[in-house]
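Each remark here refers to the structure printed beneath this line.
In structure tokens, the structure reads:
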């Protein structure tokens, strides 16, 4: 088998098949990841920690299973990155924060990482994230700015930006992510990937610590295609007894759900959700993509007003209270003064909220869901832009730019569906004139994960996006 130059042109399923069939050893698969990380990570800053020795030991264990005739799992030999909010044995979980920069290596895997290892994955390292995952641009005081492989002057998004950048740069074919306000969908969209936020509780959290963002944050897997995402999710969805919110998996295979994708007959298209300004280039790319779908017979019904007003206050109240809880124990830390000022302000605001304030926020979640229940009586899929702006330029910090104006709330389209817990995906609608990817978001009814996956796979096939970041084809330095 000819040696690949990177993982950009290799699917997760192809890597696992080659390893299981003996065409490629797990060690060779891991060595490719380590090589490409060595060639490209200085440019992108996707990985913040690598353990070559430990990863090659994991690969050897997979190869030993295959040599013994034992099934190594559906993800045999697939190298992965783990978002640095997630525990992985042998790596410190720094949370992108000076407060945890000197954390001891984790002694146990999170449930997500444990299940991926059990399926045959090889953990090669940790990927960058903004401090405690608080913003949609991946940058922090410990490891710095993660760059978008499509244009290194722009952000990879966040908070799973390191994972998205690693995949888009061809370093690994698969990585973990989490999504509490768009943190899988946003970087996937900005890096030209297909991404998916499962229904809350599909992938269990659990473990010794209470959930960081209560019921907002859905864990998941990230890859270039929805088929690869579904393959990985098949190995990790399902309940755990130490997670009060975990829910049963559907009986059907997640991978089988995308094997024969079919376009939905009728979809709702909401370009603003009723409150969100959108950059013209983003809107244009999404509308062109919808035009392709209409040409294939999809009935696209525009719904100008889904929620009427921006529900961000209720979302922020819960997030702020969670940060206040987590940081209250850290105020005596010698590096507490290095906490990002805006994150500190959010936590201070959260400390002022009452129990009644939080109950009222949850009341708002209920009302948002009732509106979606009404909408999904007529259609089975809601489409929106994934973000209101293209990937932010490094000079703009965490601000997006909408039609030439900086805007802190350029991610208005994603967090409502964390509040309602609906499954939601993003697929690449195309590129801006500057060559930055644009995402189209797909949202389904409660627990309709398989329907959203199937629709996203059909959209991928119909739109046929096959762009390549210049970094992927650049000669190694």
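Residue numbers (this note's numbering): 143 to 619. Each residue gets a CB set at the ideal place from its N, CA and C atoms; glycine is no exception.
Original post:
Where does the unbroken beta strand (DSSP E) through residue 544 begin, and where does it stop?
Top reply: 542-544
Original post:
If we ignore side chains and look at the alpha-carbon of each, how far apart do residue 491 and residue 462 end up?
Top reply: 7 Å
Subject >> Short Cβ contact (8 Å threshold) for residue 271 with residue 317 >> reply: no
Subject >> Among 515, 197, 256, 337, nearest to residue 170 - alpha-carbon criterion >> reply: 197
Original post:
By Cβ distance, which residues of its chain are closer than 8 Å to residue 434, with the 5 residues on each side in sequence left out?
Top reply: Counting only residues of its own chain and dropping the five nearest sequence neighbours on each side, residue 434 has a CB closer than 8 Å to the CB of 604, 605.
Subject >> Assigned secondary structure, residue 579 (DSSP; H/G/I helix, E/B strand, else coil) >> reply: strand
Subject >> Span separating the alpha-carbon of residue 601 from that of residue 569 >> reply: 7 Å
Subject >> C-alpha gap between residue 539 and residue 279, whole angstroms >> reply: C-alpha separation (whole angstroms): 8 Å.
Subject >> residue 295 in three-state terms, based on DSSP >> reply: strand
Subject >> Three-pair Cβ contact test at 8 Å for the segment 316-333 versus the segment 293-308 >> reply: yes
Subject >> Proximal residues to residue 559 (C-beta, below 6 Å), its chain only, five neighbours per side dropped >> reply: So the list reads 566, 585, once near-sequence residues are dropped.
Original post:
Could you give the distance in angstroms between the alpha-carbon of residue 343 and the alpha-carbon of residue 438?
Top reply: Answer to the nearest angstrom: the Cα atoms are 35 Å apart.
**OP:** Let me know the secondary structure DSSP gives residue 338 once reduced to three states.
**Re:** Of the three classes helix, strand and coil, the one that applies to residue 338 here is strand, per DSSP.
Original post:
Is it true that the CB of residue 248 sits closer than 8 Å to the CB of residue 235?
Top reply: yes
**OP:** Starting from the Cα of residue 549, find the closest Cα among 397, 421, 481, 448 and give me that residue.
**Re:** Considering only 397, 421, 481, 448, the residue with the shortest C-alpha distance to residue 549 is 421.
Original post:
Is the beta carbon of residue 442 less than 8 Å from the beta carbon of residue 289?
Top reply: no
Subject >> Which of helix, strand or coil DSSP assigns to residue 588 >> reply: coil
Subject >> First and last residue of the uninterrupted alpha helix (DSSP H) at residue 179 >> reply: 168-186
Original post:
Is residue 378 near residue 254, with beta carbons less than 8 Å apart?
Top reply: Yes, the pair counts as a contact, with Cβ atoms nearer than the cut-off.
Original post:
With residue 201 and residue 219 assumed to form a contact (beta carbons below 8 Å), what rounded beta-carbon distance in angstroms separates them?
Top reply: 6 Å
**OP:** Count the other CB atoms, across all protein chains shown, that sit within 10 Å of the CB of residue 369; report buried if there are 16 or more and exposed otherwise.
**Re:** buried
**OP:** Below 8 Å CB to CB, which residues in the same chain sit around residue 143 once its five sequence neighbours on both sides are set aside?
**Re:** Reliability fails at residue 143, whose pLDDT of 45 lies under 50, so the model's placement of it is uncertain and no value is given.
**OP:** Report the option in 528, 188, 334, 591 whose CA atom is closest to the CA atom of residue 394.
**Re:** 591
Original post:
Taking the beta strand (DSSP E) that residue 190 falls in, what are its first and last residues?
Top reply: For residue 190, the enclosing beta strand (DSSP E) starts and ends at 189-192.
Original post:
Which residues in the same chain have their Cβ closer than 7 Å to the Cβ of residue 472, if we skip the five residues on either side of it in sequence?
Top reply: Cβ within range, chain order: 241, 478.
**OP:** Apply the 10 Å Cβ neighbour rule to residue 184 and answer buried if 16 or more other Cβ atoms are within range, or exposed otherwise.
**Re:** exposed
Original post:
Quick one: Cα of residue 337 to Cα of residue 464, how far?
Top reply: 25 Å
Subject >> residue 281 classed as buried or exposed, judged by whether at least 16 other C-beta atoms fall within 10 angstroms >> reply: buried
Original post:
Is the beta carbon of residue 413 sitting closer than 8 Å to the one on residue 527?
Top reply: yes
Subject >> Cβ pair count under 8 Å reaching 3, the segment 342-359 against the segment 379-399 >> reply: Yes, the segment 342-359 touches the segment 379-399.
Original post:
Which value, in whole angstroms, describes the spacing of the CA atoms of residue 557 and residue 189?
Top reply: 26 Å
Original post:
Looking at the unbroken beta strand (DSSP E) that takes in residue 549, where does it start and where does it end?
Top reply: 547-549
Original post:
For the 8 Å Cβ check, are there 3 or more pairs between the segment 445-456 and the segment 422-433?
Top reply: no
Original post:
How is the alpha helix (DSSP H) around residue 558 delimited, first residue to last?
Top reply: 558-561
Original post:
Going straight from the alpha carbon of residue 354 to that of residue 468, what length do you get?
Top reply: 8 Å
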